[in-house]
Amino acid sequence: MIGLGHYLFLSGILFSVGVVGITISRSVLKILLSLELLLAASNLSFVAFSKFNGDYTGQLIVFFVILVAAAEVAIGLAIIVLMYRRLSTIQADDLKDLKW
Amino acid sequence: MFSFFFYLFGAVLVLASLAVILARNPLYNVLSLVVVIFSLSSLFMLLEAFFVGIILLLVYAGAVLVFFLFVAMCLKLNSETPTTIRKNRIRLLGWCAGAAFLSELIFIIKSFLMTQTMGPSSIRGAIEIIGKILFTEYLLPFELTSLLLLIAVIGIVSLAKGAFKTDGNESGDAKNMAGNR
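In the order they appear, the protein sequences are chains A and B.
Following my numbering, the numbering of the first sequence begins with 2 at its first residue and continues without gaps.
Following my numbering, the numbering of the second sequence begins with 218 at its first residue and continues without gaps.
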């Protein structure tokens, strides 16, 4: 029988993979993708808790998280495109100067 | 049968999320995230959160990840080159931090489950009930979300406008080239 713990462990693994991705990746695009992994992990926890508590609030929060993530991704990708125009690279290591 | 599907989609989820952070080609990173979102949506279906699962597919796999793919293809990115020793040390440190984080999470979840004996409830997140709650109890946050999206659109447009203004040299060069032709 699959209980709440199974979903929480899966969500924890997904979140840890996202944290590792943020720390080890140098491309800004990959860092943004890892952020999406973190959001997905928290969404899984929310839905699992919603199911096992018998409360719909968790699913509604997931709905709002998806909307906010869409806005965040749009802004983040616009900033990445700007960075590529100025520096012609998207490696985070190349963002050394505050002004250029 | 239920647990078989849980383990199947869970395994796909973990493997694809590892591919997101480990694949060298940026396109493969984005496409692995599509797989992650699909298996996550399947897990939502197993939890009977139908509306949220479908929204996840539509908004994430349908719109957000296509946007990612568009940017990744537009930017002419190179695959990552093998890392130097100093970079490898940073990678090792990142993996250690992730492992410590995961062990801590597992410890916390175990101690949480000691105190809890929750069985699955019979709620089903169909669009009818979710919509009813969304338009009564959560009406204000729902409307504020539209404001947030509007702000995001204005922010993107102003960012893009700034890029075209400061790129005077580039557009000037383009105009010169067009004139020469």
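Even glycine gets a Cβ: it sits at the ideal position worked out from N, Cα and C.
Item	Value
Once DSSP output is grouped into helix, strand and coil, what is the label at Ser-28(A)?	strand
With a cut-off of 8 angstroms, does the C-beta of Val-281(B) fall near any C-beta of chain A?	yes
Considering only residues of the same chain and omitting the five flanking positions on each side of Ile-238(B), which have a CB-CB separation below 6 angstroms?	none
Closer than 9 angstroms by beta-carbon distance: list the chain A residues that pair up with Glu-265(B), in chain order.	Lys-52
Excluding the 5 residues flanking Leu-45(A) on each side, which residues of the same chain have their C-beta closer than 6 angstroms to its C-beta?	Ser-12
At a cut of 8 angstroms, does the region 310 to 328 of chain B reach the region 62 to 79 of chain A through at least three beta carbon pairs?	no
Have a look at the DSSP bridge pairing and note the partners of Gln-92(A).	Ser-28(A)
Between Val-253(B) and chain A, is any beta-carbon pair separated by less than 8 angstroms?	yes
State the Cα-Cα distance for the pair Met-335(B) and Gly-4(A), rounded to the nearest angstrom.	8 angstroms
Would you identify the three-state DSSP class for Ser-339(B), choosing helix, strand or coil?	coil
For Lys-31(A), decide whether its Cβ has a neighbour in chain B, counting only Cβ atoms nearer than 8 angstroms.	yes
Using DSSP with H/G/I as helix, E/B as strand and the rest coil, what is Glu-354(B)?	coil
Looking only at its chain, what residues have a beta carbon closer than 6 angstroms to the beta carbon of Val-288(B), apart from the 5 residues adjacent to it on each side?	none
Below 7 angstroms on C-beta distance, what does Ala-278(B) contact in chain A?	Those within 7 angstroms of Ala-278(B) in chain A number zero; the least Cβ separation is about 11 angstroms.
Does any CB atom of chain A fall closer than 8 angstroms to the CB of Leu-195(B)?	This structure leaves residue 195(B) out entirely; chain B is present only between 218 and 398.
How about Phe-285(B) and Val-20(A): do their beta carbons lie closer than 8 angstroms?	no
If we ignore side chains and look at the alpha-carbon of each, how far apart do Leu-248(B) and Gly-59(A) end up?	28 angstroms
From the beta carbon of Ser-234(B), is the nearest beta carbon of chain A less than 8 angstroms away?	yes
Count the other CB atoms within 10 Å of the CB of Asn-397(B); is the residue buried (16 or more) or exposed (fewer)?	For Asn-397(B), the pLDDT reaches just 41, beneath the cut-off of 50, and the residue's location in the model is therefore unreliable, although a value from the coordinates is still provided. When all chains shown are included, Asn-397(B) counts as exposed.
Touch check for the region 66 to 74 of chain A and the region 34 to 51 of chain A: three-plus C-beta pairs under 8 angstroms?	yes
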